[in-house]
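Using our numbering, the first residue of the sequence shown is number -11, and each one after it goes up by one.
Glycine included, each C-beta is placed from N, C-alpha and C at the ideal position.
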Amino acid sequence: MDRLTFRQTLAAGLDDVVHYGKRLTHYEDVPGGVVRAHFADGSSAEGDVLVGADGIGSAVRSQLLPNAQTFDTSLRLIYGRTPLTPARRELLADFAIVTGPSARSMVLGVFEFENDPRHVAGSLGLSTSFTDVGDYVMWGLVVPAEDVGEESPTGTAPGEESPTGTAVDEEPLTGTAVDEEPLTGTAVDEESPTGTATGEEPLTGSALDEESLIGAALKLTSGWHPGVHGLIEEAVPSSLTLLSLHSSIPVDAWRTRNVTLLGDAAHAMFPAGGGTAIALRDAAELRQALHTVTTGTSHLLPALATYESAMRSYSASAVRESYLMAERLGAPPWPAP
-11 MDRLTFRQTL
-1 AAGLDDVVHY
9 GKRLTHYEDV
19 PGGVVRAHFA
29 DGSSAEGDVL
39 VGADGIGSAV
49 RSQLLPNAQT
59 FDTSLRLIYG
69 RTPLTPARRE
79 LLADFAIVTG
89 PSARSMVLGV
99 FEFENDPRHV
109 AGSLGLSTSF
119 TDVGDYVMWG
129 LVVPAEDVGE
139 ESPTGTAPGE
149 ESPTGTAVDE
159 EPLTGTAVDE
169 EPLTGTAVDE
179 ESPTGTATGE
189 EPLTGSALDE
199 ESLIGAALKL
209 TSGWHPGVHG
219 LIEEAVPSSL
229 TLLSLHSSIP
239 VDAWRTRNVT
249 LLGDAAHAMF
259 PAGGGTAIAL
269 RDAAELRQAL
279 HTVTTGTSHL
289 LPALATYESA
299 MRSYSASAVR
309 ESYLMAERLG
319 APPWPAP
């Protein structure tokens, strides 16, 4: 499913609830069992529970679990989106991985809408207007860090800060969105329903603009099928971005409090196709836990403890399984404990 359309669906009817342009700096406890979140613009908000769903560079996780470890896989992703034509549809399966020499690979996915998204919202009873992005081919060229002029971070211990990575709230210097589906050209904390894909971070150290990214992708796929070069050459310029691919080390149980985590903030994983599903499972599990509180069948902390225990269990295996794809694409072995 198209990421932007999906996010617009989730945000439908929440205009008075969701606020953009906020970057969390820290949180604190206040009397009465309330947690207060502080933002970079000097504002704050209070609530019974703070849920950190702020991605791999999570400010919530940094404060809640300062010893939680993420690490650079030594792989980079040049991402693009190219309009789908009948000729390309005949050439491509719905999803494919092209494996080339020198530890270079390309992931290809076809996105076709059964109905015009501009007319679907009303039929679903959603108070939103979907952006018509058209049918397209999503492609991602995965290459070693050295291929884009970076030193391999292989020697960096898990949990150390990557010299090229940024937090999800920062804007990459290439001018594209911090997003697997960078259609809007805005950063995560600007007014946009877009966000960061699983296990990916924008690269601030790269000066590659859209034209340079196309040139780099063509050079790195020299000798590949002409259809691949056509996808690269005709990519939508605003969709092009260079991402650093990361993963995380599953964490042991922590003391439950009224601050918890969801998605990449809790268990960033290599983007092998399962991260979004796991994040949605987190949301469903957390919703169920909070529902038991609102109905009076459980108190808050026991309910959150139940959620966190389940989340740690199913996400740990998913993180490790996703890294098998990273190893297949040329990443170093899983870090030793």
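| query | result |
| --- | --- |
| Same chain, Cβ closer than 6 angstroms to Asn246, neighbours up to 5 away in sequence not counted | Val23, Val37 |
| Three or more C-beta pairs below 8 angstroms linking the segment 50 to 66 and the segment 232 to 248 | yes |
| 8 angstroms Cβ cutoff met for Arg84 and Leu96 | Here residue 84 is Ala; the residue named in the question, Arg, does not match the sequence. For Ala84 and Leu96, yes; Cβs fall inside 8 angstroms. |
| Among Met(-11), Leu230, Val307, Thr294, nearest to Glu198 - alpha-carbon criterion | Leu230 |
| Extent of the continuous beta strand (DSSP E) to which Ile85 belongs | 83 to 87 |
| Buried or exposed (CB count within 10 angstroms, at least 16 for buried), His279 | exposed |
| Three-way DSSP call (helix, strand, coil) for His14 in this model | strand |
| Residue environment, Ala75, which counts as buried when at least 16 other CB atoms sit within 10 Å | exposed |
| Member of Asp270, Gly318, Ala223 whose CA lies at the smallest distance from the CA of Thr73 | Ala223 |
| Other residues of its chain near Ala28: CB distance less than 7 angstroms, five sequence neighbours each side excluded | Arg11, Thr13 |
| Meets three-Cβ-pair contact criterion under 8 angstroms: the segment 260 to 267 and the segment 307 to 320 | yes |
| Run of the alpha helix (DSSP H) containing His279, from where it starts to where it stops | 263 to 282 |
| Coarse secondary structure for Leu249, derived from DSSP in three states | strand |
| Buried/exposed call for Gln276, threshold 16 Cβ in 10 Å | exposed |
| Chain-order list of residues whose beta-carbon lies under 8 angstroms from that of Gly1 (same chain, five-residue window excluded) | Leu114, Ser115, Thr116 |
| Element boundaries [beta strand (DSSP E), containing Ala319] | No beta strand (DSSP E) holds Ala319; DSSP gives it neither H nor E. |
| DSSP three-state assignment for Leu(-8), whether helix, strand or coil | helix |
| Helix, strand or coil at Val130 according to DSSP, with G and I counted as helix | strand |
| Pick from Lys207, Glu138, His255 that is closest to Ser46, judged by C-alpha positions | His255 |
| Alpha carbon of Ser210 to alpha carbon of Pro320, nearest angstrom | 25 angstroms |
| First and last residue of the uninterrupted beta strand (DSSP E) at Ser115 | Premise fails: Ser115 is in no beta strand (DSSP E) and is neither H nor E. |
| Coil, strand or helix - Ser301 by DSSP | helix |
| Proximity to Asp252 [Cα-Cα], best of His234, Thr244, Arg243 | His234 |
| Separation of Gly318 from Pro214, as counted between CA atoms | 24 angstroms |
| Spatially closest choice to Gly287 from Met(-11), Val121, Gly21, by CA coordinates | Looking at the sequence provided, one finds His at residue 287 rather than Gly. Closest option to His287, Cα to Cα, is Gly21. |
| Unbroken beta strand (DSSP E) run spanning Glu34, endpoints | 32 to 35 |
| Ser200 versus Val130 - alpha carbon distance | 16 angstroms |
| Given Ser93 as reference, the closest of Ala205, Leu(-2), Glu34 once Cα atoms are compared | Ala205 |
| Inter-residue Cα distance where the pair is Glu78 and Ser226 | 26 angstroms |
| Min CB distance Ala56 to chain B below 8 angstroms | The structure shown contains no chain B; it is built from a single protein chain. |
| Own chain partners of Glu158 with C-beta closer than 6 angstroms, once the 5 adjacent residues on each side are dropped | Because the pLDDT of Glu158 is 30, which lies under 50, any placement of that residue in the model is unreliable, and the number read from its coordinates should be weighed accordingly. If we look at Glu158 and ignore the five residues flanking it on each side, it has no Cβ neighbours. |
| Opposing strand residues paired with Ala41 [DSSP bridges] | None, per the DSSP bridge assignment. |
| Cβ pair Thr244, Leu274 closer than 8 angstroms | no |
| Opposing strand residues paired with Gly68 [DSSP bridges] | Trp127 |
| DSSP three-state assignment for Thr229, whether helix, strand or coil | strand |
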